[in-house]
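**Student:**
There are 2 protein chains.
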Amino acid sequence: MANLKEPAARSYGQYCGLARAWDLVGDRWNLLIVRELLPGPLRFNELTTSLAGIATNLLTERLRALEAGGVVERRLGDRGILYALTPWGAELHTPMEALGRWAAPLLMSGRGADSFQPRWLVLALPALLHDVTCTATTEVGFNVEGLLIVLRIDESGPTAAIDPDQPPTTVLTAGPDVVVGLVAGGLTVEQAVAAGELTGDIEALHAAFTDERRL
Amino acid sequence: MANLKEPAARSYGQYCGLARAWDLVGDRWNLLIVRELLPGPLRFNELTTSLAGIATNLLTERLRALEAGGVVERRLGDRGILYALTPWGAELHTPMEALGRWAAPLLMSGRGADSFQPRWLVLALPALLHDVTCTATTEVGFNVEGLLIVLRIDESGPTAAIDPDQPPTTVLTAGPDVVVGLVAGGLTVEQAVAAGELTGDIEALHAAFTDERRL
DNA sequence: CCGCATCCTCATGGATACTG
DNA sequence: CAGTATCCATGAGGATGCGG
């Protein structure tokens, strides 16, 4: 039975780009859904587990709204439905990275009891390292909770990706607190190594970056 | 009687910069309040009228939350209380401008029945003109609904301000639709002039910008 | 299992009236 | 002017059901 509830579309009614963007992606969970899809398409259930706490009906409604707004698209994958960003939706990467950078001070208090997904580092690493300069193109892998996140810095700045075809030679293993601490500048490599929470090719890590950020 | 409702602080509970930023500024109206304060401090009533539609209790609650989060601060001005952004709050300018730029396609449908405040152009103009190059430092004033918005483009990019001490020599008069149309590239200067909706020193306007954006 | 749809409860948002 | 207090509508969160 088709009893689709109209989402009411409560709009700010303002002739302003920010307000109109907000009408589209400002509802609760929306930006976090986009964040999940930034590294690549996901299935419905992968979204529910990664977002831990969202009600399934809400996720359905939000995905529909984002699809109607041209931010998200459904694809029929091999084993079911895949949700992916449209090209325009993927361009949200820029403002979201800027917002992640603004929020750096909020990460200094540490993880606490919060949930964490290695996937989120794909947005966070480039955001936090935005001002890092690099003498040559550099790739460093972070093995976080079994998932390989590869950070790449070249002249156009830092980017990150999940499980690329070509793994980098330098791979470090560490938990989220250590990775964020290192990247946000609140922790030195020496401190992390001394605590036994950072393992891997430390020399290569030192060589990879300038001393500016102590990484 | 002190019957202050505890805002409950419903958090996403995620160790992620974006999520924590959202816990702080993601509630309804929050980012629009910040947008209002970007060009300069305002009083409570100025916020209620400019945001047209926000309930006074909500505005109170949001201002308190933003103050507690270190984004907004209260100042005691000459004639009452002024709300202003903290230095960190003002840094939201960068992600908000990026979001405004992302939302450019949403402005192409025109104003419609939406409300409008010239103040909003302080964010919108630099956002939409982000990729405009300029041979020399240029200042152009837009007189919109009686308020003078001054756009300045130099080698570090475009910025805008309200009613500066030193008004520019080139001042144009136009409504919001025309200004946005010109700046977003959906309208040529000739079209705007032909419609009688753009008046002022058009020659200077032509000379001020490159032909790239037809402005 | 996966991808939803329905139902229920309670927190949040919105409009209006009122006050120091 | 700068908020409070109050009431009602809406939206979020959680549990459950159900066809494929």
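These protein sequence lines map, in sequence, to chains A and B.
Residue numbers for the first sequence follow numbering that gives the first Met the number 0, so the first one is 0 and each next one is one higher.
Residue numbers for the second sequence follow numbering that gives the first Met the number 0, so the first one is 0 and each next one is one higher.
Glycine included, C-beta positions come from ideal geometry on N, C-alpha and C.
From a predicted model like this one, the values you see are computed outputs, not experimental measurements.
Which residues in the same chain as Leu-146 of chain A place their Cβ atom closer than 6 Å to its Cβ, once the five residues preceding and following it in sequence are excluded?
**Tutor:** Residue mapping note: residue 146 of chain A aligns to position 147 of the first sequence, counting from 1. Cβ neighbours of Leu-146 of chain A beyond the five flanking positions: Pro-117.
**Student:** Is DSSP giving Glu-202 of chain B helix, strand or coil here?
**Tutor:** Position 203 of the second sequence, counted from the first residue, corresponds to residue 202 of chain B. Here Glu-202 of chain B sits in helix by DSSP.
**Student:** From what residue to what residue does the alpha helix (DSSP H) around Arg-42 of chain A run?
**Tutor:** The residue you call residue 42 of chain A lines up with position 43 of the first sequence. It is not in any alpha helix (DSSP H) - Arg-42 of chain A carries neither H nor E in the DSSP assignment.
**Student:** Contact check, Asp-176 of chain B vs Gly-109 of chain B under 8 Å by CB: the rounded distance?
**Tutor:** Your numbering for residue 176 of chain B matches position 177 in the second sequence. Your numbering for residue 109 of chain B matches position 110 in the second sequence. Rounded, the Cβ-Cβ distance is 6 Å, consistent with contact.
**Student:** From what residue to what residue does the beta strand (DSSP E) around Gly-76 of chain A run?
**Tutor:** Residue mapping note: residue 76 of chain A aligns to position 77 of the first sequence, counting from 1. Here the beta strand (DSSP E) through Gly-76 of chain A covers 71-76.
**Student:** By the criterion of Cβ-Cβ separation under 7 Å, what are the contact partners of Thr-48 of chain A in chain B?
**Tutor:** Residue numbering aside, residue 48 of chain A sits at position 49 when the first sequence is read from its first letter. Neighbours of Thr-48 of chain A on chain B: none; closest Cβ ~13 Å, over 7 Å.
**Student:** Return no unless some Cβ of chain A is closer than 8 Å to the Cβ of Ala-123 of chain B.
**Tutor:** Looking up residue 123 of chain B in the second sequence gives position 124. Chain A, which has a Cβ nearer than 8 Å to the Cβ of Ala-123 of chain B, makes this yes.
**Student:** Taking Ser-49 of chain A as the reference, give the member of B:Leu-57, B:Tyr-11, B:Thr-47 with the closest Cα.
**Tutor:** As a first step, residue 49 of chain A must be located in the first sequence, where it is residue number 50. It is B:Tyr-11 whose Cα lies nearest to the Cα of Ser-49 of chain A.
**Student:** Taking the continuous beta strand (DSSP E) assigned at Val-170 of chain A, which residues delimit it?
**Tutor:** Taking the first residue of the first sequence as 1, we reach residue 170 of chain A at position 171. Where Val-170 of chain A is concerned, the enclosing beta strand (DSSP E) stretches over 170-173.
**Student:** Where Glu-189 of chain B and Trp-87 of chain A are concerned, what is the direct C-alpha to C-alpha distance, given to the nearest angstrom?
**Tutor:** Your numbering for residue 189 of chain B matches position 190 in the second sequence. Your numbering for residue 87 of chain A matches position 88 in the first sequence. Answer to the nearest angstrom: the Cα atoms are 30 Å apart.
**Student:** Are the beta-carbon atoms belonging to Leu-17 of chain B and Leu-98 of chain A less than 8 Å from one another?
**Tutor:** Position 18 of the second sequence, counting from 1, holds the residue named residue 17 of chain B. Position 99 of the first sequence, counting from 1, holds the residue named residue 98 of chain A. Yes, these two residues count as a Cβ contact at 8 Å.
**Student:** Going by DSSP, what residue range makes up the alpha helix (DSSP H) through Ile-32 of chain B?
**Tutor:** Residue mapping note: residue 32 of chain B aligns to position 33 of the second sequence, counting from 1. Here the alpha helix (DSSP H) through Ile-32 of chain B covers 29-36.
**Student:** In this structure, how does DSSP classify Ala-102 of chain B when only helix, strand and coil are distinguished?
**Tutor:** Taking the second sequence and counting its residues from 1, one reaches residue 102 of chain B at position 103. Correct three-state label for Ala-102 of chain B: coil.
**Student:** Could you name the residues that DSSP lists as bridge partners for Thr-137 of chain B?
**Tutor:** Position 138 of the second sequence, counting from 1, holds the residue named residue 137 of chain B. Per DSSP, B:Ile-152.
**Student:** Using 8 Å as the limit for Cβ to Cβ distance, is Arg-34 of chain A near chain B?
**Tutor:** On the first sequence, residue 34 of chain A is found 35 positions in, with the first residue counted as 1. It does; some Cβ of chain B falls within 8 Å.
**Student:** Take Arg-170 of chain B as the anchor and find which of B:Leu-57, B:Gly-180, B:Arg-151 has the nearest alpha-carbon.
**Tutor:** Translated into positions along the second sequence, residue 170 of chain B becomes position 171. The sequence given here has Val at residue 170 of chain B, not Arg. Nearest option by C-alpha distance: B:Arg-151.
**Student:** Does any CB atom of chain A fall closer than 8 Å to the CB of Asp-130 of chain B?
**Tutor:** Within the second sequence, the letter at position 131 stands for residue 130 of chain B. Asp-130 of chain B does not count as touching chain A.
**Student:** Which partner residues does Gly-79 of chain A have in the DSSP bridge list?
**Tutor:** Here the question's residue 79 of chain A lines up with position 80 in the first sequence. For Gly-79 of chain A, which the question treats as bridged, DSSP gives the partners A:Gly-76.
**Student:** I'd like to know if Arg-110 of chain B contacts chain A, where contact means its C-beta is closer than 8 Å to some C-beta of that chain.
**Tutor:** As a first step, residue 110 of chain B is located in the second sequence; it is residue number 111 there, counting from the start. By this cut-off, Arg-110 of chain B is an interface position.
**Student:** Do we get a CB-CB distance below 8 Å when we pair Ser-155 of chain A with the residues of chain B?
**Tutor:** Position 156 of the first sequence, counted from the first residue, corresponds to residue 155 of chain A. Judged by the 8 Å Cβ criterion, Ser-155 of chain A is not in contact with chain B.
**Student:** Count the other C-beta atoms from every protein chain shown that fall within 10 angstroms of the C-beta of Pro-104 of chain B, then say buried if there are 16 or more, exposed otherwise.
**Tutor:** Walking along the second sequence from the start, residue 104 of chain B turns up at place 105. Flag for Pro-104 of chain B reads exposed.
**Student:** Would you please verify whether the beta carbon of Cys-15 of chain B is less than 8 Å from any beta carbon of chain A?
**Tutor:** The count along the second sequence starts at 1 and reaches residue 15 of chain B at position 16. With 8 Å as the cut-off, Cys-15 of chain B counts as an interface residue toward chain A.
**Student:** Among A:Trp-28, A:Thr-158, A:Ile-148, which residue has its Cα nearest to the Cα of Pro-231 of chain A?
**Tutor:** Residue 231 of chain A cannot be examined here, being either before or after the span of chain A that is shown, 0 to 214.
**Student:** Taking 8 Å as the limit between beta carbons, can you name the residues of its chain near Ala-54 of chain B, skipping five residues before and five after?
**Tutor:** What you label residue 54 of chain B is simply residue 55 of the second sequence in a count that begins at 1. Within the same chain, Ala-54 of chain B has no close Cβ partners at all.
**Student:** I want to see whether chain B comes within less than 8 Å of Met-95 of chain A, judged by CB atoms only; does it?
**Tutor:** As a first step, residue 95 of chain A is located in the first sequence; it is residue number 96 there, counting from the start. Answer yes: the Cβ-Cβ gap between Met-95 of chain A and chain B drops below 8 Å somewhere.
**Student:** Name, please, each residue of chain B whose Cβ falls closer than 9 Å to the Cβ of Leu-31 of chain A.
**Tutor:** Your numbering for residue 31 of chain A matches position 32 in the first sequence. Neighbours of Leu-31 of chain A on chain B, chain order: Tyr-11, Gln-13, Cys-15, Leu-17, Ala-18, Trp-21.
**Student:** Kindly indicate which three-state DSSP category Ser-49 of chain B falls into: helix, strand or coil?
**Tutor:** Here residue 49 of chain B refers to the residue found at position 50 of the second sequence. Three-state result, Ser-49 of chain B: helix.
**Student:** When you compare only the Cα positions, how much space is there between Thr-47 of chain A and Ala-173 of chain B?
**Tutor:** Translated into the one-based positions of the first sequence, residue 47 of chain A becomes position 48. Translated into the one-based positions of the second sequence, residue 173 of chain B becomes position 174. Taking the straight line joining both Cα atoms gives about 49 Å.
**Student:** Name the chain B residues that come within less than 7 Å of Leu-91 of chain A, Cβ to Cβ?
**Tutor:** Taking the first residue of the first sequence as position 1, residue 91 of chain A is located at position 92. The answer, in chain order, is Trp-101.
**Student:** Name the chain A residues that come within less than 8 Å of Phe-115 of chain B, Cβ to Cβ?
**Tutor:** For the purposes of this step, residue 115 of chain B is taken as the residue at position 116 of the second sequence. Within 8 Å Cβ-Cβ: Gln-13, Tyr-14, Cys-15.
**Student:** Near Gly-79 of chain B, which residues of its chain fall below 7 Å by C-beta distance, leaving aside the five closest residues on each side in sequence?
**Tutor:** Within the second sequence, numbered from 1, the residue matching residue 79 of chain B stands at position 80. Excluding sequence neighbours, Gly-79 of chain B sits near Arg-42.
**Student:** Of the choices B:Leu-186, B:Arg-100, B:Gly-69, whose alpha-carbon is the least far from that of Trp-21 of chain A?
**Tutor:** Working through the first sequence from its first residue, we reach residue 21 of chain A at position 22. It is B:Arg-100.
**Student:** Is there a Cβ from chain B that is less than 8 Å from the Cβ of Ala-160 of chain A?
**Tutor:** Reading the first sequence from its first residue, position 161 is the one you call residue 160 of chain A. Not closer than 8 Å to any Cβ of chain B, the Cβ of Ala-160 of chain A fails to qualify, so no.
**Student:** Using a C-beta cutoff of 8 Å, does Ala-126 of chain B count as contacting chain A?
**Tutor:** The residue you call residue 126 of chain B lines up with position 127 of the second sequence. True, the Cβ-Cβ gap to chain A drops below 8 Å.
**Student:** Hey, does Pro-86 of chain B have any beta-carbon neighbour from chain A nearer than 8 Å?
**Tutor:** To locate residue 86 of chain B, count along the second sequence from 1; it is residue 87. So no, Pro-86 of chain B is outside the interface.
**Student:** Going by alpha carbons, who is nearest to Ala-160 of chain A out of A:Gly-195, A:Leu-122, A:Ala-194, A:Ala-193?
**Tutor:** Along the first sequence, read from residue 1 onward, the residue named residue 160 of chain A stands at position 161. Residue A:Leu-122 is the option with its Cα nearest to Ala-160 of chain A.
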